[in-house]
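Visitor: For reference, the structure I am asking about is given below.
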Amino acid sequence: MRKRRGRTQDEVAFALNMKRSTLSGYENEVAQPGIQQLIAYSEYFGISVDTLIKVDLSKLRESELRQLESGFDVYVKGSKLRILTTTVDSSNNENIELVPQKAKAGYMRGFADPEFVRNLPVFQLPFLSAERKYRTFQISGDSMLPIPDGAWITGEFVQDWNTIKNGEAAIVLTLDEGIVFKVIETRIAKEGKVRLISLNPIYNPYELSVVEIREIWRFIHYISDELPSGEISPANLANTLNQLKQDIAMIKEKIITNEE
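Here the sequence shown stands for residues 8 to 267, numbered as in the numbering used here.
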């Protein structure tokens, strides 16, 4: 699993707070990890302790490994459930926690910490379903224009990532990128990856392995005190013209090919 992530022993040992020689000993089977080490491995790779102990991962097919990496541990009953730290009000109704920009760095480390989540501001929106879990994140930057910098994005917690449809927008919590708001093109079933796309065309799409993802929140709505601008920026106009040139060139090429 370490090699599939492209991580060195030093990197994983540092993340798990153990010596590299200790980790090497576990991998070479000259030593056996204890309970705390197994829990650390489980959290790092997103795989249940039962599977780490009972299943020889080296004998699994590629498709089975991708299922594990996407969070669906099919080898242990009940392990398909993603555990989410959440809060409720005095009437036992689910709160909508607010994650402001200043708390985003802390959320990357504390998203599974009940104490951290408990200290986030909360509110209620009575028109949302009481059967689903929501959280609101403040975004930054212009990659999702016309949704402006500083807008508050409310998302619905996605437990089964295979239910995500191409073209859906979502808040994605990742190991390296942090909290990002993007349109998703899903390649989970075949490649174990997603492609993240910005609404602002000056930003290029990029791929992300599901092993780098910790949470996905499907876009529900956004709140902002800024009215979206109807003006076309020079950058957007230039991008549109370039795309038109490429389309025209492609059409010309097809016409020439057909004439031949």
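Backbone N, C-alpha and C fix where the C-beta goes; we use that ideal spot for every residue, glycine too.
Looking only at its own chain, which residues have a Cβ that is under 7 Å from the Cβ of residue 200, when we skip the five neighbours before and after it?
Guide: Against the sequence shown, residue 200 aligns to sequence position 193. Within the same chain, residue 200 has close Cβ partners 194, 214, 215, 216 and 217.
Visitor: Hey, how far is the Cα of residue 169 from the Cα of residue 197?
Guide: Counting from one through the sequence shown, the residue named residue 169 turns up at place 162. Counting from one through the sequence shown, the residue named residue 197 turns up at place 190. Their backbone Cα atoms lie some 11 Å apart in a straight line.
Visitor: Rounded to the nearest angstrom, what separates residue 177 and residue 121 at their Cα positions?
Guide: What you label residue 177 is simply residue 170 of the sequence shown in a count that begins at 1. What you label residue 121 is simply residue 114 of the sequence shown in a count that begins at 1. Residue 177 and residue 121: Cα-Cα distance of roughly 23 Å.
Visitor: Which ranges would you report for the alpha helix (DSSP H) in the segment 99-155 if only whole runs of at least 4 residues count?
Guide: As far as the segment 99-155 is concerned, its whole alpha helix (DSSP H) runs of at least 4 residues are 111-117 and 121-125.
Visitor: How many whole angstroms separate the CB atoms of residue 143 and residue 105, which I take to be in contact at a CB cut-off of 8 Å?
Guide: Here the question's residue 143 lines up with position 136 in the sequence shown. Here the question's residue 105 lines up with position 98 in the sequence shown. Sure, about 5 Å apart at Cβ, within 8 Å.
Visitor: Do residue 92 and residue 118 count as a contact pair if the criterion is CB distance below 8 Å?
Guide: Numbered from 1 along the sequence shown, position 111 holds the residue referred to as residue 118. Numbered from 1 along the sequence shown, position 85 holds the residue referred to as residue 92. A contact, by the Cβ cut-off of 8 Å.
Visitor: Can you tell me whether residue 109 is buried or exposed? The criterion is at least 16 other CB atoms within 10 Å of its CB, across all chains shown.
Guide: Along the sequence shown, one-based indexing puts residue 109 at 102. Exposed.
Visitor: How is the beta strand (DSSP E) around residue 191 delimited, first residue to last?
Guide: Residue mapping note: residue 191 aligns to position 184 of the sequence shown, counting from 1. From DSSP, the beta strand (DSSP E) with residue 191 extends over 185-194.
Visitor: Just confirm the distance between the C-beta atoms of residue 27 and residue 16, as a whole number of angstroms; I'd bet it's less than 8 Å.
Guide: Here residue 27 is taken as the residue at index 20 of the sequence shown, counted from 1. Here residue 16 is taken as the residue at index 9 of the sequence shown, counted from 1. Contact flag correct, Cβ pair sits at about 5 Å.
Visitor: Can you tell me which of 40, 234, 94 and 29 puts its alpha carbon nearest to the alpha carbon of residue 60?
Guide: Against the sequence shown, residue 60 aligns to sequence position 53. Out of 40, 234, 94 and 29, 40 has the C-alpha closest to the C-alpha of residue 60.
Visitor: What did DSSP end up calling residue 216 once you bin it into helix, strand or coil?
Guide: Position 209 of the sequence shown, counting from 1, holds the residue named residue 216. Three-state DSSP puts residue 216 in a strand.
Visitor: Going by the beta-carbon positions, is the gap between residue 206 and residue 187 smaller than 8 Å?
Guide: Numbered from its first residue, the sequence shown carries residue 206 at position 199. Numbered from its first residue, the sequence shown carries residue 187 at position 180. Not closer than 8 Å, so no.
Visitor: With DSSP as the reference, please indicate the residues paired to residue 42 in a beta bridge.
Guide: Against the sequence shown, residue 42 aligns to sequence position 35. Bridge partners of residue 42: none, in fact.
Visitor: Which of helix, strand or coil does DSSP assign to residue 60?
Guide: Counted from its first residue, the sequence shown places residue 60 at position 53. DSSP places residue 60 in helix when its eight states are reduced to three.
Visitor: Run through DSSP, which three-state label would residue 233 get?
Guide: The residue given as residue 233 occupies position 226 in the sequence shown. Here residue 233 sits in coil by DSSP.
Visitor: In three-state DSSP terms, what is residue 53?
Guide: Residue numbering aside, residue 53 sits at position 46 when the sequence shown is read from its first letter. If DSSP states are grouped into helix, strand and coil, residue 53 belongs with coil.
Visitor: With a threshold of 6 Å on Cβ separation, who are the neighbours of residue 231 within its own chain once the five nearest residues in sequence on each side are excluded?
Guide: Locating residue 231 in the sequence shown gives position 224, counting from the first residue. Only 155 and 158 meet the Cβ criterion.
Visitor: Do you know whose CA, among 219, 69, 114 and 133, lies nearest residue 183's CA?
Guide: For the purposes of this step, residue 183 is taken as the residue at position 176 of the sequence shown. Residue 219 is the option with its Cα nearest to residue 183.
Visitor: For residue 101, count the other beta carbons within 10 Å of its own beta carbon; 16 or more makes it buried, fewer makes it exposed. Which is it?
Guide: Your numbering for residue 101 matches position 94 in the sequence shown. Residue 101 should be labelled buried.
Visitor: Do residue 56 and residue 94 have their CB atoms nearer than 8 Å?
Guide: Sequence index remark: in the sequence shown, residue 56 carries index 49 (1-based). Sequence index remark: in the sequence shown, residue 94 carries index 87 (1-based). No, the pair does not count as a contact, with Cβ atoms beyond the cut-off.
Visitor: For residue 111 versus residue 185, is the C-beta distance shorter than 8 Å?
Guide: Counted from its first residue, the sequence shown places residue 111 at position 104. Counted from its first residue, the sequence shown places residue 185 at position 178. Yes, they are a contact pair.
Visitor: Which one of 34, 146, 75 and 29 has the shortest CA to CA distance from residue 228?
Guide: For this step, residue 228 is matched to residue 221 along the sequence shown. That would be 146, whose Cα lies nearest to the Cα of residue 228.
Visitor: Within the continuous alpha helix (DSSP H) that includes residue 34, where are the two ends?
Guide: For the purposes of this step, residue 34 is identified with residue 27 of the sequence shown, where counting begins at 1. Note, residue 34: alpha helix (DSSP H), 27-34.
Visitor: Based on DSSP bridge pairs, tell me the residues matched to residue 227.
Guide: Stepping through the sequence shown from its first residue, residue 227 is reached at position 220. Paired residue(s): none; residue 227 is not in a bridge.
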